[in-house]
Amino acid sequence: MTAVLERDTTFDTRFATEPYEVAWAGEARWFVQHIGGDGTATYVTQVSPDGITWCDLDDQEHVVEPGKLVSWPAAGFGHWLRLRAKVEGSVQVRIHLAVKA
Amino acid sequence: MTTSDVRAALLSADPRLSKFSPLPRILAFDEFDSGTHGWTELLGNYNGRGDLSTVDDHMRDFRPPQLSACNFFDIGTHGALSGTYALKLATRPHKGHTAVAIRRLTMSGRGLVQLETYFAFKSEATLGGGAELDNFGDVQWDGNTHPSEAQFGAFTVATDLCGDGGLRYHTVARYQNTDLDNHFTRRWMAPTVPEPTPREHFEGKVKLEYAADFTAPNPEDWQAFGEPQELCYNEVPTKVNWHYLRWLIDTDKRRNVELQVNDRVMDMRDVPVPPYEERYETLENLLNFYFSVRTHSSVRNFLFLDSVLISVDW
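Residue numbers (my numbering), protein chains in the order written: chain A, 1 to 101; chain B, 1001 to 1314.
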């Protein structure tokens, strides 16, 4: 399944995506696309035991520059996934999460 | 033994179907333990270049439905009625925000159409904070009633129907748990006007803001039907009790027939079904169903669906 967690949303400060349940999934991959804005953002995958309290999955930071599409897998997650992001400047983002059983 | 007797025996002997009362032809039987079965996020229309900035503000963020094991902070996995997973619609924690899942079919006839589902509705649990969080709306935590219940706004089941030369209309049933001031109303409602459409926005007739009520934005355009009904929220935000809903409409007469929710059957034949005055193209025989959930607080609201069965008499 593919979920679009942000659809051309503009951010100029740090943000996190809405919680998404993936208890049924064994594989997950993020696709983060900057479709507008001249800023840069740094993304980290987060996991949660309950969809309310979050921690980083790993120490990998993923930098996305203007106009770029960047993708990375998430492995060993629990039942929830989200991204947190630090933003420099302004970014317009489209975020897909592709998950498979 | 008649064909009808055989059919009734087969249905009653099948533990997956015997909890439903389908009309003669089953169009869809969606147990969400095995996937989303075509229930997908609704998005407003966009231009010929895929420019999503042309999507109406109030129709651009209806959120993707999730397959949920009903996981909670206090007890872990709750699970669904028919297996582990349910379909979950989840709002953002933003007052007025609506999540919508839609299923798209077309009609090969006219007549009775019935949607049945087992559903549950919850607000997201609040963790931490001070004693002031034991109060919300009309609720003071007393060991039985919980402020979470007053943080749930409304859920809706509706159709989008079109045919016979572009005549388009919606049938709608909404359970309003609280009003926009977070006071319990616990009543069933339907709009007296058709839903604003992207074409009306394109033509400059309407422009709605983010988190507007897309089904009918003006609260005065909603009319209650039946008697108020208390459902089984069950005290806290992490207990899931499944409710039965059966909704019957008539696409030949273009009207509602009745709505059953647990032990209550409401006659809906006099509930208005206002058609659009103008005709629509590319929608011939449209048969869409949607569920939505709208928060009236800054707390995420969830609608869980265990399963949906859609049946017809044609």
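Glycine included, every Cβ here is placed at the ideal spot set by N, Cα and C.
Alpha-carbon to alpha-carbon, residue j and residue i
i	j	result
residue 1102/B	residue 1291/B	7 Å
residue 1125/B	residue 1148/B	7 Å
residue 1063/B	residue 1001/B	49 Å
residue 956/B	residue 1141/B	In the structure as shown, chain B begins at 1001 and stops at 1314. Residue 956/B is therefore absent and cannot be evaluated.
residue 7/A	residue 1052/B	8 Å
residue 69/A	residue 32/A	6 Å
residue 1130/B	residue 1015/B	46 Å
residue 1265/B	residue 1309/B	18 Å
residue 71/A	residue 88/A	20 Å
residue 1229/B	residue 83/A	40 Å
residue 1301/B	residue 1259/B	23 Å
residue 1122/B	residue 1030/B	21 Å
residue 5/A	residue 44/A	15 Å
residue 1112/B	residue 1044/B	28 Å
residue 1223/B	residue 1019/B	31 Å
residue 76/A	residue 52/A	19 Å
residue 1060/B	residue 37/A	19 Å
residue 1039/B	residue 1298/B	26 Å
residue 1279/B	residue 1160/B	14 Å
residue 1275/B	residue 1163/B	11 Å
residue 20/A	residue 1139/B	29 Å
residue 74/A	residue 1116/B	37 Å
residue 93/A	residue 11/A	8 Å
residue 1246/B	residue 1114/B	7 Å
residue 1091/B	residue 1157/B	16 Å
residue 1284/B	residue 1146/B	47 Å
residue 1193/B	residue 1/A	35 Å
Span of the alpha helix (DSSP H) around residue i
i	result
residue 1201/B	1198–1202
residue 1009/B	1003–1013
Segment limits, beta strand (DSSP E) that includes residue i
i	result
residue 1375/B	What is shown of chain B runs 1001 to 1314, which leaves residue 1375/B out entirely.
residue 11/A	2–11
residue 1301/B	1301–1312
residue 99/A	91–100
residue 40/A	40–47
residue 71/A	69–74
residue 1101/B	1098–1106
residue 1206/B	Where residue 1206/B is concerned, there is no enclosing beta strand (DSSP E), given that its DSSP letter is neither H nor E.
residue 36/A	27–36
residue 86/A	80–88
residue 1090/B	1086–1090
residue 63/A	62–64
Residues near residue i by beta carbon distance below 6 Å, same chain, minus five either side
i	result
residue 1096/B	1211
residue 42/A	61, 63, 86
residue 1083/B	1033
residue 1176/B	1154, 1185, 1187, 1189
residue 1195/B	1170, 1215
residue 1217/B	1208
residue 40/A	65, 88
residue 1304/B	1086, 1088, 1120
residue 1180/B	1296
residue 1054/B	1046, 1047
residue 1100/B	1042, 1062, 1290, 1292
Residues near residue i in its chain [Cβ-Cβ closer than 7 Å; skip 5 each side]
i	result
residue 1317/B	Residue coverage of chain B in this structure runs from 1001 to 1314, which leaves residue 1317/B outside it and unanswerable.
residue 100/A	25, 26, 27
residue 59/A	none
residue 1069/B	1077, 1079, 1084, 1085
residue 1262/B	1243, 1244
residue 1271/B	1190, 1225, 1256
Cβ-heavy atom distance, residue i to the ligand PLP, below 8 Å
i	result
residue 1283/B	Among the ligands in the structure shown, none appear at all, so the ligand PLP cannot be discussed.
Beta-carbon proximity list for residue i, same chain, < 8 Å, skipping 5 on both sides
i	result
residue 1127/B	1073
residue 1025/B	1311, 1312, 1313, 1314
residue 18/A	5, 82
Inset, instruction - Determine which residues of the segment 1068–1087 of chain B have a Cβ less than 7 Å from any Cβ of chain A, and write them out in chain order. - result: 1068, 1069, 1071, 1072, 1073, 1085
Inset, instruction - With 8 Å as the C-beta to C-beta threshold (strictly closer), list the residues of the segment 1122–1156 of chain B near chain A in chain order. - result: 1124, 1125, 1127
Legend entry - alpha helix (DSSP H) runs wholly inside the segment 1112–1199 of chain B, at least 4 long, in chain order: 1147–1150
Legend entry - Whole runs of the beta strand (DSSP E) within the segment 1025–1083 of chain B, excluding any shorter than 3 residues: 1025–1031, 1066–1068
Inset, instruction - Could you name the residues of the segment 71–93 of chain A whose beta carbon sits closer than 8 Å to any beta carbon of chain B, in the order they occur along the chain? - result: 79, 80
Legend entry - Segments assigned beta strand (DSSP E), at least 3 residues, entirely inside the segment 1262–1291 of chain B: 1264–1267
Inset, instruction - Give, in chain order, every unbroken run of the beta strand (DSSP E) that is at least 3 residues long and sits entirely within the segment 1213–1253 of chain B. - result: 1222–1225, 1243–1250
Inset, instruction - Using a Cβ-Cβ cut-off of less than 8 Å, list which residues of the segment 38–61 of chain A approach chain B; keep chain order. - result: 49, 50, 51, 52, 53
Legend entry - Near-chain B residues of the segment 6–38 of chain A - C-beta to any C-beta below 7 Å: 7, 8, 18, 20, 21, 23, 24
Inset, instruction - Using a Cβ-Cβ cut-off of less than 8 Å, give me the residues of the segment 1193–1215 of chain B that come near chain A, in sequence order. - result: none
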